[in-house]
Each structure stands twice: as C-alpha cells, then as structure tokens.
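What follows is a set of notes on a single structure, which appears directly below.
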Amino acid sequence: MGDKKSPTRPKRQPKPSAEEGNWDCSVCTYKNTAEAFKCMMCDVRKGTSTRSLLKEMLSQ
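Taken in order, the sequence shown gives residues 13 to 72; the numbers are from my numbering.
What follows is the structure, encoded as structure tokens:
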C-alpha cells in the first residue's frame, strides 16, 4: 500500500457561550446560573457535597 497519513484534525476550541460559569447541582444535577447561591430546583447551597447531606439527613 502507500504511506498514507491520517488527516490531522483541528483542535477543538472551547465554545464561548452564555453558560460559562454555570454550575451543576451535586444533588439534583440541575444546571444553575453562575449568580445562583443555591440550587434553583432543590435549594441546596452551591458547593454542598452529597456526603455532607447524607450525614445531615441520618443525624435527624
């Protein structure tokens, strides 16, 4: 056969979008706006881990 090289693919550029800075809730996975301090669906604070929630629920 011949020396066939695979075509080089252009590197993917990150898409500039309005979603930049959004965060996914670790509990319900809802995509919240960057400005939201707590989840708009389940009211869990931004950055709350599911482990700490489970511990809190079990202690009640």
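In this text, a Cβ means the ideal position worked out from N, Cα and C, and glycines have one as well.
Quantities reported herein were computed from a predicted structural model and do not represent experimental measurements.
CB contact below 8 Å: residue i versus chain E
| i | result |
| --- | --- |
| R57 | Going by chain labels, chain E is absent from the structure shown, which holds only one protein chain. |
Buried or exposed by the 16-neighbour rule on C-beta atoms within 10 Å, applied to residue i
| i | result |
| --- | --- |
| C54 | exposed |
In DSSP terms, what residue i is bridged to
| i | result |
| --- | --- |
| D36 | K43 |
| R57 | K50 |
Close-in-space but distant-in-sequence residues of the same chain around residue i (CB under 7 Å, 5 per side omitted)
| i | result |
| --- | --- |
| K50 | V56, R57, K58 |
| S38 | T60, S61, T62 |
Cutoff 8 Å; reference residue i; Cβ partners in own chain excluding five residues on either side
| i | result |
| --- | --- |
| Y42 | D36, C51, M52, M53, C54 |
| R21 | none |
| N34 | K43, N44, T45, A46 |
Own chain residues within Cβ distance below 6 Å of residue i, not counting five before or after
| i | result |
| --- | --- |
| C40 | M53, C54 |
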